[in-house]
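One structure is given below, encoded as structure tokens.
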Amino acid sequence: MKYLLLVYATPDAWEPDERKVALGESVDLCHTLHSRNQYCSAAPLEPVETAVSVRVREGEALVTDGPFAETTEHLGGYFLVDVDSMDAAVEIAKQIPGARRGTVEVRPLVEVPNLPAGK
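Each residue of the sequence shown is one higher than the one before, counting from 1 in the UniProt record's numbering.
The following block contains the structure:
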């Protein structure tokens, strides 16, 4: 089963040098997960200032600057893993550097049949 591990933190959670170290640790974790055939995808996100939110109401699209919710912690990246259980996904989430300074939300994906293959 696939799980999305969403990494949240405040924008100032990491000093620039610490962020580089954490990114390196995240890359190492991805390689470890790949060697276990558990890795699907992972990526940090650009800052929330680069985001837009899209809402369609009564056929009209409204595009606004910024993320959907005003919060102190922002979605900063994700890991997509394929493991046997929620417990296994939680064990991986504990290893993500972002969990030390923020929060990692673990969510199972709904398997939808007949979707095209991704890139």
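Where a beta carbon is used, it is the ideal one built from N, C-alpha and C, also for glycine.
Cβ pair residue i, residue j closer than 8 Å
{"i": "lysine 2", "j": "cysteine 40", "result": "yes"}
{"i": "proline 113", "j": "serine 26", "result": "no"}
{"i": "cysteine 30", "j": "alanine 22", "result": "no"}
{"i": "tyrosine 78", "j": "leucine 33", "result": "no"}
{"i": "arginine 101", "j": "tryptophan 14", "result": "yes"}
Close Cβ partners of residue i (< 6 Å) along its chain, the five nearest in sequence each way excluded
{"i": "valine 83", "result": "Gln38, Ala89"}
{"i": "proline 16", "result": "none"}
{"i": "glutamate 105", "result": "Leu6"}
{"i": "arginine 55", "result": "Leu62"}
{"i": "lysine 119", "result": "none"}
Contact belief for residue i with residue j at Cβ below 8 Å, rounded distance in angstroms
{"i": "valine 63", "j": "valine 81", "result": "In fact, because the Cβ distance is near 32 Å, the residues do not count as touching under 8 Å."}
{"i": "leucine 45", "j": "glycine 66", "result": "About 13 Å; that fails the 8 Å criterion."}
Cross-strand partners of residue i (DSSP beta bridge)
{"i": "valine 104", "result": "Val7"}
{"i": "valine 56", "result": "Ala61"}
{"i": "aspartate 82", "result": "Lys2"}
{"i": "phenylalanine 41", "result": "In the sequence as displayed, the identity of residue 41 is serine instead of phenylalanine. Answer is Leu80, bridged to serine 41."}
{"i": "leucine 75", "result": "Tyr8"}
The ligand PLP heavy atom lying under 7 Å from the CB of residue i
{"i": "serine 41", "result": "Inclusion of the ligand PLP in the displayed structure is not the case, the ligand content being empty and no account of it being possible."}
Beta-carbon proximity list for residue i, same chain, < 8 Å, skipping 5 on both sides
{"i": "phenylalanine 68", "result": "Ser53"}
{"i": "serine 85", "result": "Met1"}
Residues of its chain near residue i, where Cβ-Cβ distance is below 7 Å and the 5 sequence neighbours each way are ignored
{"i": "threonine 103", "result": "Tyr8, Glu73"}
Exercise. Do the stretch 7-18 and the stretch 68-76 meet, that is, are 3 or more Cβ pairs less than 8 Å apart?
Worked result: Judged by Cβ distances under 8 Å, the stretch 7-18 makes contact with the stretch 68-76, as three or more pairs qualify.
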